[in-house]
Every structure is written in structure tokens, then in C-alpha cells.
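Trainee:
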Amino acid sequence: MAAFIRRNEPFTCAHCGLKVQPAERTCRNHCPRCLYSLHVDVEPGDRANPCRGLMEPVRVEYHSKKGYQIVHRCTRCGQETRNIALLDVAVQPDSRERLYELMRLPR
């Protein structure tokens, strides 16, 4: 795996249009309102993936060391990735309501 490239930049959500601010402790890569992301990285932060599909949040999983993770599936190529849910941040925390909706979905 290549070195993590730290990119913590503001962006506009391609799914719902929210203007998303950078995270406090980590790199934000999904919208805190709708939880969608974009399929832009091959390795974290490299922006080298040509797919550029919308990454739909499909479920939430719990990891004993990382906490709650949002599982995204690319609507273009089908690849799945996991991203840490940002619940305890002061600026634009992830929507608990949206996370709860995903938790209620059948697997």
C-alpha cells in the first residue's frame, strides 16, 4: 500500500449539494448530511481513480478499534470501501439519523 496522502479540503457534495468543511482530526471523504462520497482514490488521498462514480452508503459496521464505519458501494463499478463515521466532531458531524437508517437496513 502506498503512503497515505493527507487531503482534508472543503468540497461540495455531488449527491446533495451540501458545502462540506474539512474535518478536525482526520480527512473527511464523505458528506455529513447524506453520507455519500466519490470514488476518486486508489490509495487514500491520491485522487488517481478514473472511475469517479458516486459512492452510495449501503450499511454501517462496527470495528472494535475504529468504531462505526460507513460502507460505501460505487454506483458505477461496484467497489466497496469503509470510512470511519465522524460522530464526535464539532464541525458538521455525520448525521446520526442517516446512520441509524443504514443500521436498520437488512443485510
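So for the sequence shown, the working numbering puts the first residue at 182; every next one is plus one. Just so it is clear, CB atoms sit at the ideal spot from N, CA and C, and this is done for glycine as well.
Take residue 196 and list the residues in its own chain whose beta-carbon comes closer than 7 Å to its own, dropping the five residues that flank it on each side.
Mentor: Only 212, 215, 217, 235 meet the Cβ criterion.
Trainee: Using CA atoms only, rank isn't needed, just tell me which of 284, 281, 253, 226 is closest to residue 238.
Mentor: Ranking the options by Cα distance to residue 238, first place goes to 253.
Trainee: Answer with buried or exposed for residue 244, where buried requires no fewer than 16 other C-beta atoms within 10 angstroms of its C-beta.
Mentor: Exposed, because fewer than 16 other Cβ atoms sit within 10 Å of the Cβ of residue 244.
Trainee: Would you identify the three-state DSSP class for residue 217, choosing helix, strand or coil?
Mentor: Reduced to three states, the DSSP call for residue 217 is coil.
Trainee: Candidates 277, 258, 227: which alpha carbon is nearest residue 250's?
Mentor: If we check each option's Cα against that of residue 250, 277 comes out closest.
Trainee: Which stretch, first to last residue, makes up the alpha helix (DSSP H) that contains residue 282?
Mentor: Note, residue 282: alpha helix (DSSP H), 277–285.
Trainee: Compute the distance between the beta-carbons of residue 233 and residue 223, then report whether it is under 9 Å.
Mentor: Going by C-beta atoms, residue 233 is not nearer than 9 Å to residue 223.
Trainee: Rounding to the nearest angstrom, what Cα-Cα distance links residue 231 and residue 255 in this structure?
Mentor: For residue 231 and residue 255, the distance between alpha carbons rounds to 12 Å.
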